[in-house]
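Protein chains in written order, with the working numbering: chain L, -6 to 218; chain E, -6 to 218.
Protein chains: 2
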Amino acid sequence: MRLLVVEDEVRLAQALRRGLGAEGFVVDLAHDGREGLTRARDGDYDALVLDIMLPGLSGYRICQQLRAEGNWVPVLMLTAKDGEYDEADGLDLGADDYLTKPFSYVVLVARLRALLRRGAPPRPARLSAGDLVLDPATRQVHRGGVEVALTPREFALLEYLMRHTGEAVSKSRLLEHVWDGHFDGDPNVVEVYIGYLRRKIDGPFDRRGVQTVRGAGYRIAADGG
Amino acid sequence: MRLLVVEDEVRLAQALRRGLGAEGFVVDLAHDGREGLTRARDGDYDALVLDIMLPGLSGYRICQQLRAEGNWVPVLMLTAKDGEYDEADGLDLGADDYLTKPFSYVVLVARLRALLRRGAPPRPARLSAGDLVLDPATRQVHRGGVEVALTPREFALLEYLMRHTGEAVSKSRLLEHVWDGHFDGDPNVVEVYIGYLRRKIDGPFDRRGVQTVRGAGYRIAADGG
DNA sequence: GGGCGGGCTGAGAGCGCGCTGAGAGCGGTC
DNA sequence: GACCGCTCTCAGCGCGCTCTCAGCCCGCCC
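The following block contains the structure:
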């Protein structure tokens, strides 16, 4: 899941990038309002975290502008406690949730997950394809009722594929959304991780769950294979 | 916006029809599962509201069946609070949102509007000609309901032809668009690949699907042949 | 009927895509 | 410092896909 964090306090921004990165999110940073708006427009993010007080363009305006353009990406606002603005303003301008600083990191992650789950399209709480079930909230995966333990990267990969069940998802799209957007390493990572996933959810020689679409990427069969 | 409400409690169904009608929706009712499935298939609705407990066929099954047929119309499930089924089961079967009874009418309308704003998941339109169907997103091709496995080149060729269904497409245009723009090899490749395609979608001696237009190229018949 | 040119096809060579095992790097934990 | 788990790189391999080639078929024109 790709996030854009627009926050001008550099130390907070870095901390968020590290922390959310460890949770399996791919995090991009923007440090002022205009940059934030531009990247939000072009970046194909799964959610935005917007500070309100920003140089250049406030978080309010970014959100308002995006909504006016018909962009309904889930937005979580960060508001300063000191009250100059209050939560209702943010929500009026189209934010989906807000947090007052200082906020608990755990709460931030929980709210983000909630946004991603129900936010954009009212998303199913759990994703499933046949007897394969993935729960983004608890980060658990079950195949035929038994739990399968996945590493963060494996989980992110499977989650992205399952959010596009049935579609053939190209390796470049996977690199974009599951790895860092500007990942410049060996694209072979994708193949390697597909291999790991298969061993865990299909067994070594079976590939009903994760299908290869030669020349086009990979696909989760709608019926789980 | 056309809605289909599948609900067996007559009074609730009538109330929904009146209430949603007043909101500007056009509401059709079905009172049991089979009727619901049939109408959902044929009716071209913008969204469905499905009760789970239904005579004939449960809301679960209706949803599951529609999804299996590739119908991704937005579905809002109504679940009874008493817990025999829980929300997650519904979402697992491909519903887009759910409400537990008794529900607030205002919430129902809000959820419906959210669903409709999102629209059906943005599946690129599938291309079809008669019983020949090609889905660019999933990279799958079906002939008369059965899947046909194509290689990347075969797929690209068929996709291009089907994007110009009815037209006679010259070999040079095909070389231009399906092969590399400055392909300088043997133009006979096109004939070879047309041959491969025919064997897979028409059978060895049939060429109703991909027709030869002598001197001008090839054509996909608009009715699939 | 005969000749010609466009279209079709079977065989096969070459190679690039995708898969895998091994292992290095790195950060965290004891 | 030793160990462990996760991520990523690398090199090798096998198969399926792509394309070439040569020969044949068939429609069309004289």
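Even glycine gets a Cβ: it sits at the ideal position worked out from N, Cα and C.
Contact with chain E by residue i, beta-carbon distance below 7 Å
i        : result
G49(L)   : no
A209(L)  : yes
A206(L)  : As written in the sequence, residue 206(L) is Val, which differs from the Ala given in the question. Yes - at least one Cβ of chain E is within 7 Å of the one on V206(L).
D85(L)   : Confidence in D85(L) is poor, its pLDDT being 49 and thus under 50, which makes the residue's placement too unreliable to answer from.
M(-6)(L) : no
L41(L)   : no
Bounding residues of the beta strand (DSSP E) (the contiguous stretch that carries residue i)
i       : result
I213(E) : 210 to 213
R220(E) : Residue 220(E) lies beyond the residue range present for chain E, which begins at -6 and ends at 218; the question has no answer from this structure.
E184(L) : Element bounds for E184(L): not the beta strand (DSSP E) but the alpha helix (DSSP H), 181 to 194.
L221(E) : The structure shown has nothing for residue 221(E), since chain E only spans -6 to 218.
S121(L) : 120 to 122
D128(L) : 125 to 128
T131(E) : Run containing T131(E): none; DSSP gives neither H nor E here.
V203(L) : 203 to 206
D21(L)  : 19 to 23
V68(L)  : 68 to 73
Below-7 Å beta-carbon distance, residue i vs any chain L residue
i       : result
A130(E) : yes
P115(E) : At P115(E), the pLDDT of 48 sits below 50, so the modelled position is not reliable and the matter cannot be decided from this model.
Own chain, CB closer than 8 Å to residue i, minus 5 neighbours either side, in chain order
i       : result
A8(E)   : none
V141(L) : V134, H135, K193, I194
I45(L)  : S51, G52, Y53, M70, L71, T72, A73, Y78, G83
G36(L)  : R(-5), L(-3), D21, G174
Nearest to residue i (by Cα), restricted to the options the options
i       : options                            : result
E147(E) : D37(E), R191(E), F176(E)           : R191(E)
T205(L) : A161(L), R132(L), G12(L), G123(L)  : A161(L)
G26(E)  : L47(E), R10(E), D37(E), R34(E)     : L47(E)
V68(E)  : V126(E), L108(E), R32(E)           : L108(E)
H24(E)  : Y53(E), E0(E), D177(E)             : E0(E)
G208(E) : D21(E), S163(E), R104(E)           : S163(E)
S165(L) : G159(L), T158(L), Y153(L)          : Y153(L)
G137(L) : D128(L), G123(L), L150(L)          : G123(L)
V3(L)   : R60(L), K94(L), L22(L)             : L22(L)
R156(E) : S121(E), A6(E), R34(E), N64(E)     : S121(E)
P129(E) : V139(L), G159(L), T144(L), L143(L) : G159(L)
A6(L)   : D89(L), Y98(L), A103(L)            : Y98(L)
L143(L) : N181(L), A103(L), G188(L)          : G188(L)
R11(E)  : V102(E), E169(E), R60(E), D89(E)   : V102(E)
R132(E) : G210(L), D179(L), E28(L), R32(L)   : G210(L)
Residue i - containing alpha helix (DSSP H), residue span
i       : result
T93(L)  : Run containing T93(L): none in the alpha helix (DSSP H); it sits in the beta strand (DSSP E), 90 to 94.
S51(E)  : Run containing S51(E): none; DSSP gives neither H nor E here.
D35(E)  : 26 to 35
H157(E) : Here H157(E) belongs to no alpha helix (DSSP H), and DSSP marks it neither H nor E.
E2(L)   : Segment: none, E2(L) is in no alpha helix (DSSP H) and carries neither H nor E.
E169(E) : 164 to 170
A142(L) : Premise fails: A142(L) is in no alpha helix (DSSP H) and is neither H nor E.
R104(L) : 98 to 107
Proximal residues to residue i (C-beta, below 6 Å), its chain only, five neighbours per side dropped
i       : result
V42(E)  : V(-2), L69
D173(L) : V19
A149(L) : G17, V171
V183(E) : K164, L167
R212(E) : A161, Q204, V206
F176(E) : L168
P180(L) : K164
Close Cβ partners of residue i (< 7 Å) along its chain, the five nearest in sequence each way excluded
i       : result
L105(L) : A40, L69
L13(L)  : L(-4), V20
Y186(L) : R146, E147, L150
L30(E)  : L50, I55, Q58
V139(L) : none
R32(L)  : L(-3), D21, A23
message = Beta carbons nearer than 8 Å to chain E: which residues of the stretch 144 to 161 of chain L have them?
response = G159, E160, A161
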